[in-house]
Every structure is written in C-alpha cells, then in structure tokens.
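To start, the structure under review is shown below, and the notes come after it.
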C-alpha cells in the first residue's frame, strides 16, 4: 500500500510520541499509553507504521485509538488483557509492549486503513466545565442578549450542549442545569475564581461545523468515539454515554463541510439581536497556518457589520498546557485576552484574569 503525505521523518515522529507520553498520557493518568508511546518512540518499525497517519492529525492519539478501536470491536488477542476498558483485572503495563507490537504486525492493514482515513474527534464533554465561564463573559460583554453559538470542529456536537449540563468545581461552587443527568466535575487551581453564572446564558441558536461529523445514531461512529477515550478513563466513558443520551434528545444542528467555507454563510443568517459567539476546542491543531489566518480574516471581515466573540481552548504547542482565550472582533479589528489555563480533558481550570 502506498504512503500519502508521510511525516517529515522518524525523528520528528518519535518526538511527538515522547511528548505525548510526558505531556499528555502521564499527566492525565494513562500508564498503559505512557508505556506504549515511549516504546513506540524507540521502535522504527512502529514509527514506520505510524507514518501512514493523516498528517493533520495528532499521531500518537490516533495510532493508539486505532488499536483500541480494533480491540473494542471484538478482535480476540492477548493484548486485550492489558486494557482496563476490556477487562476488570488488567495485566501490569510494564509487560505490554511485545504483545502490542505483535498485535500491530498481525493487523497492519486494518491499522493503516484507520489512521489514514479517520481523525481524532474526541468529544471530551468535561471541557465544557472550562468553557462555561468563557460563555458567561461573552454573554456579559454582549449585554446579556441571547447567545448564538457556532462551534468549529464539533464532532458529535456534545460541547454545543454545554448549557444542558450540571457543574461542580472543587466541591465548592456549582452551576449549570442542576437537574441534568450529567454532572461535570472540575478542580480549580490558583487563587482566582472564574465568573460562574448564577443563571445560565440563554442560547437561542447553536450550530456545529465539522468536515466529518460523528453520527450519534451510527454504532460504529459511536464506537470510534469510545475508542478515543483512554483505556483507564472509565469515568469519561460514563460521561460520554450520558452526553450522547442528551444529544439524542436535543439534536443540535450539525453541518458537514469545511468550516472556513460554511462559517461566513452561517454568520450572515444569525439574528442581529443576538450575541454571536464562535468557539473551538482542540481543533486548530488540525488547521494549517494559512487556515488559522483565514479564520481570523473571516471574523475580522464579518465584524464590519456586527460584534463577534470567539472562544479558543487550544494548546499553543504539544509541550504546553492548553489556554482559554477570548477574542473580540469589532469594526474590522481583532483583540484577544488569555483568561485561563486548563487541562486537556477539562479536569482542572486555573483562572488568570
């Protein structure tokens, strides 16, 4: 099978797996993925296999999710004994790598098919706990008019429904829809308290944009979402299942296509008496530099006729914690402010403003 758009070199690829181990899986408690990523980084054969991943994707996450997906789909292999998501008494991770390598050699073609065609569309709903105070600020600056929200890279649309969840922060503060079937817990770090809403902002329009949105009625698509959750994170699986139940009831509008082409059209149809807020989380890493510039230009141009807010929840690099930034677009000018740091999965939030 021919290789398309391979990574620039095995050294760069190895570094991405090492960074994933040190900055993501180790910090966010996945001993299994930490062991696997570090071993893959030192294994030229596995790195050659990982080079088939789509170049716009976070390769370590994608590669490990592909293996997880195959195991969850029912493939019988000794590797399953090391995955907490597949057994109640998993083997110790220290002995996993030879078994993992054997699995990859046996299922090379399937792994290539997955990593060359699918994307990391993790719908980590706990990120909403970090987004909530950002939406509150946008609502306040928008003079408490109803919010019209557009999400770029929406996946299954679960974060579009942030106002349908209940929130608890460090067992001290609570917010959100208290009768919700889904409660999201987030630890506060630092000395500053985010602006939690006493009453949730009113959302009158919500639209999600994605090149390849997840169809939550398709069992295989849902299985892929499940595979993107790391094997030790059983609580994230529970959150996903409850969020999917809410999404099946609410059915937010999700549009398939290039956000840079869809966004200008959608914004022209947003009612003038609403506060327009565009947001994205862990999406810009899949944009080119030119695509990021184009997104800014689209919003700058649209702000000639209306005020626009943009909430960004992104990592500046693979070696830094994610930050939450609030952009304001007004009269063709762009301004921004970094308001918080947060974990990649929304488990903690440090307010900076």
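Residue numbers (our numbering): 50 to 402. For each residue, glycine too, the CB sits at the ideal point set by N, CA and C. The structure presented is a predicted model; accordingly, all values stated were derived computationally and were not measured.
{"Item": "First and last residue of the uninterrupted alpha helix (DSSP H) at residue 287", "Value": "283-299"}
{"Item": "Assigned exposure category for residue 202 - 16 Cβ within 10 Å defines buried", "Value": "buried"}
{"Item": "Residue 146, enclosing alpha helix (DSSP H) - first and last residue", "Value": "146-155"}
{"Item": "Helix, strand or coil at residue 366 according to DSSP, with G and I counted as helix", "Value": "coil"}
{"Item": "CB of residue 199 within 8 Å of CB of residue 258, strictly", "Value": "yes"}
{"Item": "Element boundaries [alpha helix (DSSP H), containing residue 253]", "Value": "Run containing residue 253: none in the alpha helix (DSSP H); it sits in the beta strand (DSSP E), 252-259."}
{"Item": "Buried/exposed call for residue 51, threshold 16 Cβ in 10 Å", "Value": "The pLDDT assigned to residue 51 is 43, lower than 50, so where the model puts this residue is not dependable; a value taken from the coordinates is nonetheless given after this. Under this definition residue 51 is an exposed residue."}
{"Item": "Alpha carbon of residue 360 to alpha carbon of residue 75, nearest angstrom", "Value": "27 Å"}
{"Item": "Under the three-state DSSP convention, the category residue 218 falls into", "Value": "strand"}
{"Item": "Endpoints, alpha helix (DSSP H) assigned at residue 61", "Value": "59-68"}
{"Item": "Close-in-space but distant-in-sequence residues of the same chain around residue 118 (CB under 7 Å, 5 per side omitted)", "Value": "163, 272, 273, 276"}
{"Item": "Euclidean distance between Cα positions of residue 260 and residue 305", "Value": "5 Å"}
{"Item": "Beta bridge counterpart(s) of residue 376 as assigned by DSSP", "Value": "359, 385"}
{"Item": "Whole-angstrom distance between residue 329 and residue 309, CA atom to CA atom", "Value": "13 Å"}
{"Item": "Helix, strand or coil at residue 330 according to DSSP, with G and I counted as helix", "Value": "strand"}
{"Item": "Rounded straight-line distance, which links the Cα of residue 143 to that of residue 81", "Value": "8 Å"}
{"Item": "DSSP state of residue 202 mapped onto helix, strand, coil", "Value": "coil"}
{"Item": "Within 8 Å, strictly: CB atoms of residue 244 and residue 185", "Value": "yes"}
{"Item": "As assigned by DSSP and simplified to three states, the class of residue 324", "Value": "strand"}
{"Item": "Unbroken beta strand (DSSP E) run spanning residue 303, endpoints", "Value": "302-305"}
{"Item": "At least 3 beta-carbon pairs within less than 8 Å: the stretch 175-194 vs the stretch 224-240", "Value": "yes"}
{"Item": "Cβ neighbours of residue 62 in the same chain (closer than 7 Å, five flanking residues each side left out)", "Value": "56, 96, 99, 100, 108"}
{"Item": "Residue range of the beta strand (DSSP E) that includes residue 236", "Value": "232-238"}
{"Item": "Residue 318, buried or exposed, once every other Cβ within 10 Å from all chains shown has been counted against 16", "Value": "exposed"}
{"Item": "Spatial distance of residue 322 from residue 195 (CA atoms)", "Value": "8 Å"}
{"Item": "First through last residue of the alpha helix (DSSP H) which encompasses residue 401", "Value": "Run containing residue 401: none; DSSP gives neither H nor E here."}
{"Item": "Own chain, CB closer than 8 Å to residue 175, minus 5 neighbours either side, in chain order", "Value": "233, 234, 235, 285, 288, 394, 395, 396"}
{"Item": "CA nearest to the CA of residue 220, picked from 238, 282, 210", "Value": "238"}
{"Item": "Local Cβ density within 10 Å of residue 324, reported as buried at 16 or more and exposed below that", "Value": "buried"}
{"Item": "Inter-residue Cα distance where the pair is residue 356 and residue 126", "Value": "55 Å"}
{"Item": "8 Å Cβ cutoff met for residue 160 and residue 256", "Value": "no"}
{"Item": "Assigned secondary structure, residue 99 (DSSP; H/G/I helix, E/B strand, else coil)", "Value": "helix"}
{"Item": "Same chain, Cβ closer than 8 Å to residue 353, five either side skipped, listed in chain order", "Value": "380, 381"}
{"Item": "Beta bridge counterpart(s) of residue 196 as assigned by DSSP", "Value": "252, 324"}
{"Item": "Three-way DSSP call (helix, strand, coil) for residue 340 in this model", "Value": "helix"}
{"Item": "Host alpha helix (DSSP H) of residue 269 (start-end)", "Value": "268-276"}
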